[in-house]
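Enquirer: Structure provided below as structure tokens; questions to follow.
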Amino acid sequence: MKKIHVLFPLIAMILFFGYWWNYNKQYEAAQEAKKEQAQQALIAKREQEARDRELAIKLAIEKQAEQRREREAREAKRQQEREERQAAREARERADRERQKLRRQSELLDQDIVKETEAVTKLEERKQFLLAEERFLRDYVRLAESNEGGVTEAIQRIAAAEAARAAAAAEAAQANRR
1 MKKIHVLFPL IAMILFFGYW WNYNKQYEAA QEAKKEQAQQ ALIAKREQEA RDRELAIKLA
61 IEKQAEQRRE REAREAKRQQ EREERQAARE ARERADRERQ KLRRQSELLD QDIVKETEAV
121 TKLEERKQFL LAEERFLRDY VRLAESNEGG VTEAIQRIAA AEAARAAAAA EAAQANRR
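Counting along the sequence shown from 1, when you hit position 46 you're at 46 in full-length UniProt numbering, and nothing is skipped either side.
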């Protein structure tokens, strides 16, 4: 009986060992297949990741180039807008300077107009004065010419009166001497 106690577990153990050995070979083969499959999947995954990375890098480079082009286009547009604003500012300043220049010229011309108007008014007054003086002198000359005969006659009378007085004075002096 003692042999059964040892023999039965020993046989059971040998059977179990045989079953385990067979199972272990299959299990190890399955594990190896799983490892190989996992490794193949990992390699495929890494290859896919590498392709995806290359694609992502290519897309990133294309996107970066596109962004650079867009940035350059925006910068060119901004530069053009700046230049247009600068040109508009310069044109506005030029127009303002021109407007101020024309305003100053207009003010000077207004002052010249006032001065010239005053000069014309003075000349008109002078002309009126001279025309009045001319009329006066013509009237005076006409009057003097009409009075010339009377003046000549008056001068002759005065000369005759002077001669008569001188003669009278000479007679009186002769009479006094006698």
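Ideal Cβ placement from N, Cα and C applies to all residues, glycine included. Given the structure is predicted, the values throughout are model-derived calculations rather than measurements.
In chain order, which alpha helix (DSSP H) runs of at least 4 residues are fully inside the UniProt region "Disordered" (68 to 101)?
Expert: Correct list: empty.
Enquirer: Rounded to the nearest angstrom, what separates L102 and D96 at their Cα positions?
Expert: Cα-Cα distance, rounded: 10 Å.
Enquirer: Cα separation between Q79 and E72?
Expert: Straight-line Cα distance between these residues: approximately 10 Å.
Enquirer: Unbroken beta strand (DSSP E) runs of length 3 or more, entirely within the region 117 to 149: which are they?
Expert: The region 117 to 149 contains no whole beta strand (DSSP E) run of 3 or more residues.
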